[in-house]
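Going by UniProt numbering, the sequence shown opens with residue 1, and the numbers climb by one from there. Just so it is clear, CB atoms sit at the ideal spot from N, CA and C, and this is done for glycine as well. What follows is a short report on a single structure.
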Amino acid sequence: MLGLTSRSFASASSRAPLTLGSLSLQSPVILAPLERVSDVGFRRLCFSQGAGLTWTEMVYASELRPARGNVPATFIDTHDPGTLTGVQLLVDRTAARDDHGVRTLRGALGALEEGAASGEHPEWANIRAVDLNFGCPAPSLARRGCGPGQLRRRSKVRRLFEALVEWKRETPLNVGAVGAKIRLGANAREQQFQVYLPAAEAAAEAGLDYLAVHARHAKQKSRDEPTWAALKEVAALVGRGAGKLKVIGNGDVNSAEDVSRMLEETGVDGVMVGRAAMRNPWALRRLCGGGGEGGERPTAEELERGIQEYQEWAGSRPATERYRTFHKENFARLRKEIRR
1 MLGLTSRSFA SASSRAPLTL GSLSLQSPVI LAPLERVSDV GFRRLCFSQG
51 AGLTWTEMVY ASELRPARGN VPATFIDTHD PGTLTGVQLL VDRTAARDDH
101 GVRTLRGALG ALEEGAASGE HPEWANIRAV DLNFGCPAPS LARRGCGPGQ
151 LRRRSKVRRL FEALVEWKRE TPLNVGAVGA KIRLGANARE QQFQVYLPAA
201 EAAAEAGLDY LAVHARHAKQ KSRDEPTWAA LKEVAALVGR GAGKLKVIGN
251 GDVNSAEDVS RMLEETGVDG VMVGRAAMRN PWALRRLCGG GGEGGERPTA
301 EELERGIQEY QEWAGSRPAT ERYRTFHKEN FARLRKEIRR
C-alpha cells in the first residue's frame, strides 16, 4: 500500500487547526459531502492533502437498517480508519407519526451501532462524526418537508438536534462530533426573514458541536453568488464564549485566498470545500495552507501515485460503479492538463 497519508501534509500547514467536539482536525478546511463523488479512495486522497474532516455521501435515515441489506453500506464505506470521516444523514420522514423525524433519526443511529457491533459492517466503527442534512435543495425533498424546508420549524429541528446530542453521549461508537448543515432557507423569502438564525440558536442551545452553513437558499444554483454576510451573522450570534458552537462556512471557496477571506471577513471557525476538491483533490494542500511539489496542480508522479492508491482502496471495497467512473474521468482530465 502506498503512503498517501496525512503525513504528506503534516507540518506544511500554515492555518490553525480546528477542534470540533473531541476531534482535533489537522486544518480548518473540511471536505463537503459530495454526491456521486465521495468514496473511501477519494476521501483518503483529500485527507492526505490536508482536509481536516471528510464526509460520506448523504444517506437517507429511513433507509439505514441493517436488515434491509447492503443499500446504505455502499455509501457508508468508512473502511479507512486513518482518514477522519463522518456520516451525513437526511431525516426524510418528518410526519407526526414519526415524531417529526425523531424516531427515524434514532432508528438510523441505532442501525449504525448495530451494524458495527454485529460484525455485519465493522467499518462503521470508524465513523467519527454524524451530521444532519438540512441543506439538500432537491425539489422531491422540499415537497416532503425535508431539508431546508424544516428550518422554519425551530422547535422540531431543535428536537432532532437534542436527540443527536443525547445519542452522542450514550453511543458506544467513537463519535467525537455531531452537528448539522443548513442553507439560508428554502427560498429567498425565508432567507429575507432569516430563518437560519433561529436554527443556529437551536443548534447552540441543543449542544451541537458545530453548524455548517451554506450561504445560499435552496432555490439558488451554484453559479449564484452566496451571501457571506449571513455567515457573519451566524458567527456573531452563536460563536461566543467557551464551548461555543463552531460555525463552518460554505459557498464559493475555490482558492487559498477565498479560505483566508471567508475566515477573516465572516468570523467563521472553518470552511467547507466541495467543487474545488472534486475537480482537483491536490488543490486542497493550498487551500489548507500547506505546500506541495506541484502547487495546486499535482506533478505527473504525484498524480500517478494518487490514482494507484485510489484504485487500491476504492477497487477492493464495496462501492458503486458511479464513484469509480467519475474519478476515472476526472483523473484522465488532470493527466491532459499536466501534459499541456
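What does the alpha-carbon distance come out to for the pair residue i and residue j?
| i | j | result |
| --- | --- | --- |
| L263 | D269 | 7 Å |
| V130 | I76 | 12 Å |
| S22 | Y196 | 26 Å |
| V37 | T54 | 12 Å |
| G69 | G179 | Any reading at G69 is ruled out, since the residue's pLDDT is 49, under 50, leaving its predicted position unreliable. |
| P172 | G249 | 30 Å |
| E329 | N133 | 28 Å |
| V271 | M278 | 15 Å |
| L334 | E257 | 22 Å |
| A90 | A61 | Sequence check: residue 90 is Leu here, not Ala. Using only the alpha carbons, I get a separation of about 6 Å. |
| L121 | A229 | In the sequence on display, residue 121 carries His and not Leu. Cα-Cα distance, rounded: 42 Å. |
| V213 | A188 | 16 Å |
| G115 | W124 | 7 Å |
| S24 | D209 | 12 Å |
| A95 | C146 | 10 Å |
| P17 | Q194 | 30 Å |
| P226 | E63 | 32 Å |
| H79 | F161 | 27 Å |
| Y310 | G239 | 38 Å |
| S255 | D98 | 43 Å |
| V259 | V273 | 9 Å |
| G119 | L303 | 35 Å |
Among the candidates the options, whose CA atom is the shortest distance from the CA of residue i?
| i | options | result |
| --- | --- | --- |
| E57 | T94, Q49, T85, H217 | T85 |
| G41 | R65, T83, T19, G50 | T83 |
| T19 | R128, R43, E120, A332 | R128 |
| R183 | Q150, E170, T171 | Q150 |
| Q49 | A108, K246, R305, R152 | R305 |
| R223 | Q194, V247, V253, L160 | V253 |
| E35 | A332, H327, F331 | H327 |
| E170 | G115, G239, L109 | L109 |
| P298 | G185, A332, R97 | A332 |
Once you ignore the five residues that flank residue i on each side, which residues in its own chain have a CB closer than 7 Å to its CB?
| i | result |
| --- | --- |
| P81 | N126 |
| K336 | none |
| A235 | V247, T266, G267, V268 |
| D39 | D77, A314, A319, Y323 |
| G135 | G147, P148, K181, I182, R183, H214 |
| E113 | T171, P172, L173 |
| residue 345 | Residue 345 falls outside the range modelled here, since the chain spans only 1 to 340, and no answer is possible. |
Looking at residue j and residue i, is the spacing between their C-beta atoms short of 7 Å?
| i | j | result |
| --- | --- | --- |
| P137 | A218 | yes |
| T216 | G251 | The question names Thr, but residue 216 is Arg in the sequence shown. Cβ distance < 7 Å, so R216 and G251 count as in contact. |
| A206 | L237 | no |
| A142 | L105 | no |
| L211 | A203 | yes |
| R15 | G289 | yes |
| residue 343 | G52 | This structure does not reach residue 343, given that the chain is present from 1 up to 340, and the question cannot be answered. |
| R65 | A111 | yes |
| L231 | V29 | no |
| K181 | H100 | no |
| P198 | R154 | yes |
| V102 | R159 | yes |
| A186 | P148 | yes |
In chain order, what residues of the same chain lie with their CB nearer than 6 Å to the CB of residue i, ignoring the 5 residues before and after it?
| i | result |
| --- | --- |
| K244 | none |
| R339 | none |
| A283 | A276, E296 |
| K168 | V175, V178 |
| Q191 | L184, G185, H217 |
Taking 6 Å as the cut-off, is the CB of residue i close to at least one heavy atom of the ligand ATP?
| i | result |
| --- | --- |
| G110 | The ligand ATP is absent from the structure shown, which contains no ligand whatsoever. |
Which residues in the same chain have their Cβ closer than 8 Å to the Cβ of residue i, if we skip the five residues on either side of it in sequence?
| i | result |
| --- | --- |
| C46 | L31, T54, A277, P281, L284 |
Can you give, in chain order, each stretch of the alpha helix (DSSP H) that sits fully within the stretch 121–209 and has at least 4 residues? 139–143, 154–170, 188–192, 196–206
For the stretch 211–241, which segments carrying the beta strand (DSSP E) assignment without a break, of at least 3 residues, lie completely within its bounds, in sequence order? none
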